[in-house]
Every structure is written in structure tokens, then in C-alpha cells.
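Participant: Can you read through this structure? Questions will come right after.
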Amino acid sequence: MRQIWKSFRALYFASLMMLIGSGLLSTYLALRLAADNVDGLWVGALMAANYFGLVLGGKIGHRLIARVGHIRAYSACAGIVGAAVLGHGLVDWLPAWLVLRTIVGLGMMCQYMVIESWLNEQADANQRGLVFSGYMIASYLGLVLGQLILVMHPGLGLELLMLVALCFALCLVPVTLTRRIHPAPLHPAPMEPRFFIKRVPQSLSTVLGAGLIIGSFYGLAPLYASQQGLSTEQVGLFMGSCIFAGLLVQWPLGWLSDRYDRALLIRCFAGFLAVAALPLAIMPQVPLEVLFVVGFFCSLVQFCLYPLAVAFSNDHVEGDRRVSLTAMLLVTYGVGASIGPLLAGVLMKFLGSQSLYAFFSFFALVLVWRIRPKAVTNLHQVDDAPLHHVAMPDSMSSSPLVAALDPRVDEQVVQEQMVQDPAPVTPEPEPEPEAQPEAVVETELDSGNEDKPAPDISGGRP
1 MRQIWKSFRA LYFASLMMLI GSGLLSTYLA LRLAADNVDG LWVGALMAAN
51 YFGLVLGGKI GHRLIARVGH IRAYSACAGI VGAAVLGHGL VDWLPAWLVL
101 RTIVGLGMMC QYMVIESWLN EQADANQRGL VFSGYMIASY LGLVLGQLIL
151 VMHPGLGLEL LMLVALCFAL CLVPVTLTRR IHPAPLHPAP MEPRFFIKRV
201 PQSLSTVLGA GLIIGSFYGL APLYASQQGL STEQVGLFMG SCIFAGLLVQ
251 WPLGWLSDRY DRALLIRCFA GFLAVAALPL AIMPQVPLEV LFVVGFFCSL
301 VQFCLYPLAV AFSNDHVEGD RRVSLTAMLL VTYGVGASIG PLLAGVLMKF
351 LGSQSLYAFF SFFALVLVWR IRPKAVTNLH QVDDAPLHHV AMPDSMSSSP
401 LVAALDPRVD EQVVQEQMVQ DPAPVTPEPE PEPEAQPEAV VETELDSGNE
451 DKPAPDISGG RP
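What follows is the structure, given as C-alpha cells:
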């Protein structure tokens, strides 16, 4: 692990600085609008715009990197994001903030893509799991440290925006000074929505629900805490402890996921979240100790849903489709995270701040109703399922290229599906010929599985 840290510390530092800036910006904007008595709907809209930018950046980033190269694309996006951050201090018109927030999300997604493709290029096949873990730790740690800055600097002046812009300036240094060769340009990960909706519907439902809940949490939990009477320092501590819970739970979650049925775990964790969120959903005013304890336990559970859904879906998708699966899961998460803050913001505007956790509880109950372990037929389960659980960062700190770092995805498959010719003559038509064989493979897989008798699941995993 020490050798991995030495090899990848520059990229980990870049990720850390990006997430410090991103986490601080999200909480700062929510608290700033709360101090100005702006409706929670606007706070939710800003976070929705950020996630919309992240989803949009997943499509644009590949073209930008292919056109100008990794370092130039990263540098340009970091400069644009820094300028957009400072733009929040120059303009007070909220519709302009929506545009700026979208630009921040779009630029950060391109930066994620550069870092993740670089990590994948430098990591040996037998090191990808450790490299991936280091990347996830740097991401979560950055989000936590971004909240703790509010404890040290509770004022909501322009100094915090300058700190965010400073973080995006510093994240440029390790990437622009690297002496390593550019990674190979990558295609967008192929997507097959119809196939995955049919093959892993419960996993996609879980990912969508996780996006609704976690997207609303990042955008509106600071507003909720502020309306409960917490000071800026206390809001920073509350958000930091909740995000730290998401990092803390990943390792015990992996132990459970590798030993128990994942569909049942998803349903249980969703049920725990629905119950745990009830005190904050019912009580208009919550004592400080109760708020911190209940908020911490809610976060322990809510940050389990996405990694479990990823592991559960990988158990039922063949290895040559896992790159496409990762892209599909992240886009689904991004859609949920774009819609969730808007819905929760409307509820908070008309029903009060406690409706945020009522929103969490409701959609957790929807997942309890939607996820049915007995409905899993195992007709498409891979031979080596359950696959080893890998802790996955959410889409606030990763891109579709994270598939290349996932040790469950065969490196050769990544090379075949995503690596393009360094100097393609006509890059646009390339994906077209691949679409026809995909449909044939899907048909063959489905027909082949129909002839195969269902496996005996009486003593195994449902």
C-alpha cells in the first residue's frame, strides 16, 4: 500500500483538493441562501443543476479529452470551474447561479475522467483494487474536510468562495507537472438501457432511489440543519460527521455483502433508513444531540444503498457487459440525484424543513416495496457470484470511467470496449458497427438462458 501511495499520491492529492472544493461549495451555497431567507426550492435546484452538469460532462468529456489531450482538458476544466466558482460572488441573480452550478458539475466530471483514466493506465492489473480504494478514501476525505473548513471559518463571506477557487487552482499542480505519458484516449462507455432494465431492474431501482436520497442530502441537509437553529460551525460538523459515516460503513458493508444475500441486504438497509429517519421527519425541532446521532445513523444506512446495488447488478451481468453496466448505473444515479433535490426542495418549502427526512423515509419505503429477493430467479447469475464487493464512490466523486478501475471488470474487456485509436480518422462512426453485434449477443444470451434449467436456490442465495 505504501508503494501504491507513492506512485499515485499526485493524483490522489488532485482528487482530494477537488472534493474539498466541491464539498465546501455545496454547503456554502445552501447556508448562504438560508441566511438570505431564500426558498429551499432554489437550494434544491442548485444541487440538481450540479448533477445535471455531471451527467452532461460524462458525454462531453470524452470528446474534449480526445481533441486536446488529458492535461490540457484537465487544466481548461479546472480553470473554468474556478472562474464559475468566483462567479457566484460576482452575481447575485439566482438563475445565473443555476448556469454556474451546471458549469461546475460539467467541468468536474471532465476532471474526474482525466484522473480515473490516468489511474487506470498506471495501475497494474493486480493493484486495481488497492488503487481504487485509495481513490475512494481520497474522495470521501475531501468531502469531509470541505465541511470542516466551515468549523474553522464560520463566516459566509466571499472568503469561502476564494478558498474553493484556491482548491481548484491547487488541484492543477500535480497533473500539469507530471512527467508521465498521456493515457490512451477512451470512448464513452457503451450503454444498453433496454437490456439492463430487463436484466437488473431491482438494481436500477435501488440506484435511482439512492440518487434521489443522497442528491437531496448533499444539497438540502445543510439547509435543514440551519433551519433547526444550528450555527455555521455546527452545520459543518453535522455534514462532516454524516459524510464520514459514509466512509466508515464501507468496510463492514463489504463483509456483509460477501456473506449474505445482497437483495435482502438492500431491503433491510432501506427499511432501517425508513425507521431511522422517522424521528427527524416527525419532530419540527430536534435537540442537538438527537440530530447528530440520528443523522449519523441515517447516513450510515443511506450510503450503503449504491454500493450494494452495484455489487448486486454485477452478480447478474456477464463480464463483457460490466463496462456498459457501470455507465448505466452512474447515469441512473445522476438522473435520480438531479430530480431528488427539486422534489425535496418543494416539500421543504410548503411542509417545513422536517419534510427532508420524511422524503428519505418515503423513498426508503418505496425501495422496501420494490426490492423483492424472492423475485430474483438467478437465470442470469454469473458462475462466480457473489462477486467480491467493491466500495464504490457515488457520482459526486466519480465518472463513467470508474469502470476501468473496478477490479471486477476484466482489463482486456475495458481495452476492447473503451480504448480508441490515438489518432482516429473518423471517430464518430466507430460505435455504429458495434451496435448490431450487441443485439445479437443479447438475443443469444436470453435464448440460451431460457433453455437452461433454473439453478437450485433452496440452499443458496436467492
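Each residue of the sequence shown is one higher than the last, beginning at 1 in UniProt numbering.
Glycine included, each C-beta is placed from N, C-alpha and C at the ideal position.
1. Check whether the stretch 146-161 and the stretch 257-268 touch, using three or more Cβ-Cβ pairs below 8 Å as the test.
2. With the cut-off set at 7 Å, would you say V294 and L278 are in Cβ contact?
3. Reducing DSSP to helix, strand and coil, say where W93 ends up.
4. Regarding G336 and the ligand HEM, is the C-beta to nearest heavy atom distance less than 6 Å?
5. In its own chain, which residues sit with a C-beta less than 7 Å from the C-beta of S313, not counting the 5 before and 5 after it?
6. Using 8 Å as the threshold, is the stretch 243-254 in touch with the stretch 50-65, meaning 3 or more CB pairs across them?
7. Look at the Cβ atom of V235, then the Cβ atom of P222, and state whether they are nearer than 7 Å.
8. Leaving aside the five residues before and after L212 along the sequence, list all residues of the same chain whose C-beta is less than 6 Å from its C-beta, in chain order.
9. Given a cut-off of 7 Å, decide if G23 and L143 are closer than it, judged by their beta-carbon atoms.
10. Of all the options S355, W93 and T178, which has the alpha carbon lying nearest to the alpha carbon of L46?
11. For a quick check, are the C-beta atoms of V43 and G345 less than 7 Å apart?
12. Check A270 in the structure and name its three-state DSSP category.
13. Give the range of the alpha helix (DSSP H) segment to which P373 is assigned.
14. Nearest CA to the CA of I214: which residue from G319, T232, C242 and G89?
15. Return yes when the Cβ of A78 is within less than 7 Å of the Cβ of F168, no when it is not.
16. When we look at the beta-carbon of N37 and count the other beta-carbons within 10 Å, is it buried (16 or more) or exposed?
17. Taking the alpha helix (DSSP H) that R128 belongs to, which residues open and close that run?
18. So, for Q436: in the same chain, excluding its five sequence neighbours on each side, which residues have a beta-carbon less than 8 Å away from its beta-carbon?
19. Which value, in whole angstroms, describes the spacing of the CA atoms of I301 and S361?
20. So, at 6 Å on beta carbons, what are the nonlocal neighbours of A30 in its own chain, with the 5 sequence-adjacent residues on each side left out?
21. What residues in its chain sit with their C-beta under 7 Å from that of M283, if we drop five residues either side in the sequence?
22. Relative to the C-alpha of F297, which residue among P307, E318, Q285 and A274 is closest?
23. With H, G and I counted as helix, E and B as strand and the rest as coil, what does DSSP make of E192?
24. Hey, quick one: how far does the alpha helix (DSSP H) through Y260 stretch, first residue to last?
25. Residues in the same chain with beta-carbon distance under 6 Å from G271, minus the five sequence neighbours each way, listed in chain order, please.
26. Taking N50 as part of the alpha helix (DSSP H), name the residues at either end of that continuous run.
27. Would you kindly report the start and end of the unbroken alpha helix (DSSP H) that includes P174?
28. With C-beta atoms as the reference, is V164 less than 7 Å away from V85?
Facilitator: From the atom records:
1. Taking one beta carbon from each stretch, the stretch 146-161 and the stretch 257-268 have fewer than 3 pairs nearer than 8 Å; the two do not touch.
2. By 1-based counting over the sequence shown, the position of residue 294 is 294. By 1-based counting over the sequence shown, the position of residue 278 is 278. No, the Cβ-Cβ distance between V294 and L278 is not below 7 Å.
3. Residue mapping note: residue 93 aligns to position 93 of the sequence shown, counting from 1. Coil.
4. This structure does not include the ligand HEM; it has no bound ligands of any sort.
5. Stepping through the sequence shown from its first residue, residue 313 is reached at position 313. Same-chain partners within the cutoff: V200, S203, L325 and L329.
6. The answer is no - the stretch 50-65 does not touch the stretch 243-254, with fewer than three Cβ pairs under 8 Å.
7. Walking along the sequence shown from the start, residue 235 turns up at place 235. Walking along the sequence shown from the start, residue 222 turns up at place 222. The criterion of a C-beta distance shorter than 7 Å is satisfied by V235 and P222.
8. For the purposes of this step, residue 212 is identified with residue 212 of the sequence shown, where counting begins at 1. G336, G340 and F363, listed in sequence order.
9. Taking the first residue of the sequence shown as position 1, residue 143 is located at position 143. Taking the first residue of the sequence shown as position 1, residue 23 is located at position 23. Closer than 7 Å, so yes.
10. Here residue 46 refers to the residue found at position 46 of the sequence shown. Nearest C-alpha to L46: W93.
11. Numbered from its first residue, the sequence shown carries residue 43 at position 43. Numbered from its first residue, the sequence shown carries residue 345 at position 345. The Cβ atoms of V43 and G345 sit closer than 7 Å to each other.
12. Walking along the sequence shown from the start, residue 270 turns up at place 270. Secondary structure at A270: helix, using DSSP grouped into helix, strand and coil.
13. Taking the sequence shown and counting its residues from 1, the one referred to as residue 373 is at position 373. Bounds of any alpha helix (DSSP H) do not take in P373, whose DSSP letter is neither H nor E.
14. For this step, residue 214 is matched to residue 214 along the sequence shown. Of the listed residues, the one whose Cα sits closest to I214 is C242.
15. Looking up residue 168 in the sequence shown gives position 168. Looking up residue 78 in the sequence shown gives position 78. The answer is yes: Cβ separation under 7 Å.
16. Position 37 of the sequence shown, counted from the start, is the residue given in the question as residue 37. Under this definition N37 is an exposed residue.
17. Residue numbering aside, residue 128 sits at position 128 when the sequence shown is read from its first letter. Segment R128 to M152, the alpha helix (DSSP H) holding R128.
18. Reading the sequence shown from its first residue, position 436 is the one you call residue 436. Below a pLDDT of 50, predicted positions are generally treated as unreliable, and Q436, at 38, falls in that range; no measurement from the model is reported.
19. In the sequence shown, residue 301 corresponds to position 301, counting from 1. In the sequence shown, residue 361 corresponds to position 361, counting from 1. According to the sequence as given, residue 301 is Val; it is not Ile. Note on geometry: alpha-carbon atoms of V301 and S361 lie some 12 Å from one another.
20. Within the sequence shown, numbered from 1, the residue matching residue 30 stands at position 30. V43, P222 and L223.
21. The residue given as residue 283 occupies position 283 in the sequence shown. Leaving aside the five residues that flank M283 on each side, the residues in its chain whose CB is nearer than 7 Å to its CB run, in chain order, Q354.
22. For this step, residue 297 is matched to residue 297 along the sequence shown. Out of P307, E318, Q285 and A274, A274 has the C-alpha closest to the C-alpha of F297.
23. Here residue 192 refers to the residue found at position 192 when the sequence shown is read from its first residue. E192 falls in the coil class under three-state DSSP.
24. Taking the first residue of the sequence shown as position 1, residue 260 is located at position 260. Where Y260 is concerned, there is no enclosing alpha helix (DSSP H), given that its DSSP letter is neither H nor E.
25. For the purposes of this step, residue 271 is taken as the residue at position 271 of the sequence shown. Excluding positions up to five away in sequence, the list reads V368.
26. As a working note, residue 50 is residue 50 in the sequence shown. Per DSSP, the continuous alpha helix (DSSP H) segment holding N50 begins and ends at G40 to V68.
27. If you number the sequence shown from 1, residue 174 lands on position 174. First-last of the alpha helix (DSSP H) with P174: L172 to T176.
28. As a first step, residue 164 must be located in the sequence shown, where it is residue number 164. As a first step, residue 85 must be located in the sequence shown, where it is residue number 85. Yes, they are a contact pair.
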